[in-house]
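Read the structure below first, then the notes.
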Amino acid sequence: MSDTNSYCSEKTDKFPIAIENIEYWFLMQKDNQKIYIIGNVSKDRYIKVYEKNLQIVMSVLKSFDGKSSLNQIDNMIKTKYGKSVDVNQIYLKAEKAGLICGSGGSNEKSEIKALSLPVFSVNIPKLSTNIKKIIGALWRLYTVIGIVVILFGAFVLIKNGSNNILTMDRTILLDNSYLKGFAATLLMMVPSLLMHEISHFAAAISSSLDPSKVSLNLYLGIMPIWYVK
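For what it's worth, my numbering labels the leading residue of the sequence shown as 132, then goes sequentially.
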């Protein structure tokens, strides 16, 4: 599968072409079912599928080669797997995610990214297998600690709920000033959001993905937001 300009320019609605280098990685386990992501690392575009549908979806995407229509692919997949598959639904999902040549998904920006001003960005070097294993172990420990903290916080909130609710309007006061409190809150958001994105970084590595860049942006020129790509 290729996404070069000349190759993708041949794409039509009747004969779709998937972008190049589409692979899959394990993401998580939920309700005793494994969930995988399928996509392209360099373009940072993905869709999620359950393990039971993984091979079928991969076969459908590989069939998007510009030589077959959706109906033809539908028949090929039905013959190969002996059951009906909603090829059109897979196509629409892949198109929305930007995995189809000529689709707008790969060029779309979220509202936050579109309205953010870049401050700086740093490229992340490729990590060795040993470092990835260490990060994976730390991520699992971090997850356990996070669950304990959340449960403890919920317990405290329930135990002292009425008092907390009555004093919530004072939580952003600093020296009896809401303006100072607001400014301090923005400053505290920088490290807290960085920790949030670091968790995304660790989760990505645990899923065998390689984060390539970390950047700091200002949403609407005010609110600091970190991104990990």
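Glycine residues also receive a C-beta, built at the ideal position from the N, C-alpha and C atoms. Nothing here was measured: the structure is a model prediction, and the numbers come from that model.
Query, Result
"Just reading off the beta strand (DSSP E) that residue 157 is part of, what are its end residues?", "154-161"
"Could you tell me whether the Cβ atoms of residue 230 and residue 148 are closer together than 8 Å?", "no"
"Give me, in chain order, the residues of the same chain whose beta-carbon lies closer than 6 Å to that of residue 192; leave out the 5 immediate sequence neighbours on both sides.", "149 and 153"
"Can you give the Cα-Cα distance for residue 238 and residue 172, rounded to whole angstroms?", "Reliability fails at residue 238, whose pLDDT of 45 lies under 50, so the model's placement of it is uncertain and no value is given."
"Pair every Cβ in the segment 213-226 with every Cβ in the segment 182-201, then say whether three or more of these pairs are closer than 8 Å.", "yes"
"Between residue 174 and residue 255, how many whole angstroms is the CB-CB distance? I'm expecting something under 8 Å.", "So it is not a contact: roughly 17 Å between Cβ atoms."
"Can you tell me which of 145, 263 and 357 puts its alpha carbon nearest to the alpha carbon of residue 334?", "263"
"Residue 289 and residue 228: beta carbons closer than 8 Å?", "no"
"Tell me which same chain residues have a C-beta within less than 8 Å of the C-beta of residue 356, skipping the five on either side of it?", "243, 247, 324, 347, 348, 349 and 350"
"According to the neighbour-count rule (16 or more other Cβ atoms, all chains shown, within 10 Å of its Cβ), is residue 205 buried or exposed?", "buried"
"Would you call residue 286 buried or exposed, if buried means 16 or more other Cβ atoms sit within 10 Å of its Cβ?", "exposed"
"Strictly by DSSP, which residues pair up with residue 358?", "346"
"Find the nearest neighbour of residue 257 within the set 169, 145, 341 and 168, judged by alpha-carbon distance.", "341"
"Which class does residue 313 belong to by DSSP, given the choice of helix, strand or coil?", "helix"
"Who does residue 196 pair with in a DSSP beta bridge?", "148"
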